[in-house]
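For the sequence shown, position 177 (counting from the first letter as 1) is numbered 177 according to the numbering used here, and the numbering increases by one without interruption.
All residues carry an ideal CB built from backbone N, CA and C; glycine is no exception.
Contents: one structure, followed by commentary.
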Amino acid sequence: MILQKQNTIHWNYFIALENDLSFLSRFLEITTSNFSSYSIELGRILFAAASEVEVVARLYCQKIDNIHVTENIGNYKAIITKQHPDFHAIKIHMPIHGITLNPWNKWKTETQPLWWRAYNKAKHERNEHFAEANLKNALNATAALHILLILLYKKEAEAGELIPNSQIFFIGEPFSLDVQMSKQTRSIY
C-alpha cells in the first residue's frame with residue numbers, strides 16, 4: 001500500500017518503482033550475474049527512475065541554492081557535491097539480493113554517472129543501445145533516486161514519516177543527514 005501524501009509524492013513514485021522491481025524479480029533473479037540482462041520492462045524502469053532523478057535533483061538543488069536554478073546533471077553535481085562532498089561515495093545495499101551499489105561513484109571524477117549515460121543512449125538511440133536498458137542500470141538509477149529522496153525529504157526521514165519503508169534499498173555508509181546535534185552528525189540508518 002502506498003500512502004498518498006502530497007508532500008512526499010516523489011517518495012510514493014519511488015515505492016512504485018521498487019514494487020515494479022520486486023515483481024520483476026519473479027521472472028528475472030536480481031543478481032550480479034544478470035546485470036547485463038535487458039528488456040522492455042527494465043527499459044521502462046530505467047527511464048522512469050532516471051527521469052525522476054532529474055526532477056528530484058532539481059528540487060533538491062533548489063532547496064540547497066534557490067538562486068542558481070539548474071537544468072542539467074552537471075549543474076546538479078556542482079551544487080549537490082558542494083553541499084555533500086562525499087556524495088559520490090554513498091552506497092546502497094540490497095541485502096535481500098546480496099548486492100551493494102554505488103550509483104553516484106562517477107561524480108568523484110566525472111559529470112555523469114554510468115547509468116545516466118546508459119539512460120540517454122537507450123532513450124535517444126534505442127535502436128543501437130537498447131542493451132543499455134539492463135538490470136544493472138535500472139537498479140543503479142533507482143538506487144540513485146533513493147539517495148536523493150532521503151536528502152530531499154530529510155525532515156520526514158528523520159521523523160520516520162517516509163511510509164512505507166523501502167523493502168529493497170538501504171542506504172549504507174558514509175551517509176548522514178548532516179544534522180547538528182551537540183556538534184555531532186546523526187545517521188538515519
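Report task. Could you name the residues of the same chain whose beta carbon sits closer than 7 Å to that of Phe35, not counting the 5 residues immediately before and after it, in chain order? Result -> Once the five neighbours on either side are set aside, the close Cβ partners of Phe35 are Asn134, Leu135, Lys136.
Query raised in the report: What do you reckon, are the CB atoms on Leu149 and His10 nearer than 8 Å?
Result: For the pair Leu149 and His10, the CB atoms are nearer than the 8 Å cut-off.
Query - the region 72-83 / the region 103-122 touching (three or more Cβ pairs under 8 Å) - result: Put simply, the region 72-83 touches the region 103-122. At least three CB pairs are less than 8 Å apart.
Query - Element boundaries [beta strand (DSSP E), containing Leu101] - result: Where Leu101 is concerned, the enclosing beta strand (DSSP E) stretches over 99-101.
Query - Alpha-carbon to alpha-carbon, Thr111 and Gly160 - result: A straight-line Cα-Cα distance of about 33 Å links Gly160 and Thr111.
Query - Secondary structure of Gln184, DSSP reduced to three states - result: Because the pLDDT of Gln184 is 35, which lies under 50, any placement of that residue in the model is unreliable, and the question is left without a value.
Query raised in the report: Can you give the Cα-Cα distance for Ile96 and Ser51, rounded to whole angstroms?
Result: Going from the Cα of Ile96 to the Cα of Ser51 covers about 26 Å.
Report task. Compare the C-alpha of Thr109 against each of Phe87, Phe130, Ala118 and name the closest. Result -> Cα-wise, what sits closest to Thr109 is Phe87.
**Report entry** Burial state of Val55 (16 or more Cβ within 10 Å)
**Finding:** Exposed, since its Cβ has fewer than 16 Cβ neighbours within 10 Å.
Query - Distance CB(Thr8)-CB(Glu156) smaller than 8 Å - result: If you check the CB distance, Thr8 and Glu156 come in under 8 Å.
Requested in this report: In the DSSP assignment, find the beta strand (DSSP E) that holds Ile96 and state where it starts and stops.
Outcome: Ile96 -> no beta strand (DSSP E), and no H or E assigned at all.
Query raised in the report: Per DSSP, Tyr38 is paired with what?
Result: Tyr38 is bridged to Asn134.
Query raised in the report: Just reading off the alpha helix (DSSP H) that Phe14 is part of, what are its end residues?
Result: Taken as a continuous stretch (DSSP letters only), the alpha helix (DSSP H) holding Phe14 covers 9-24.
Requested in this report: With a threshold of 16 other CB atoms inside 10 Å of the CB of Pro164, please say whether the residue is buried or exposed.
Outcome: Around the Cβ of Pro164, a 10 Å sphere holds fewer than 16 other Cβ atoms; the residue is exposed.
Query raised in the report: Among Trp115, Ile168, Glu18, which has the Cα closest to the Cα of Met94?
Result: Looking at the Cα atoms, Ile168 is the closest of the given residues.
**Report entry** Under the three-state DSSP convention, the category Ile168 falls into
**Finding:** The three-state secondary structure of Ile168, taken from DSSP, is coil.
**Report entry** Extent of the continuous alpha helix (DSSP H) to which Ala78 belongs
**Finding:** Per DSSP, Ala78 belongs to the alpha helix (DSSP H) from 73-83.
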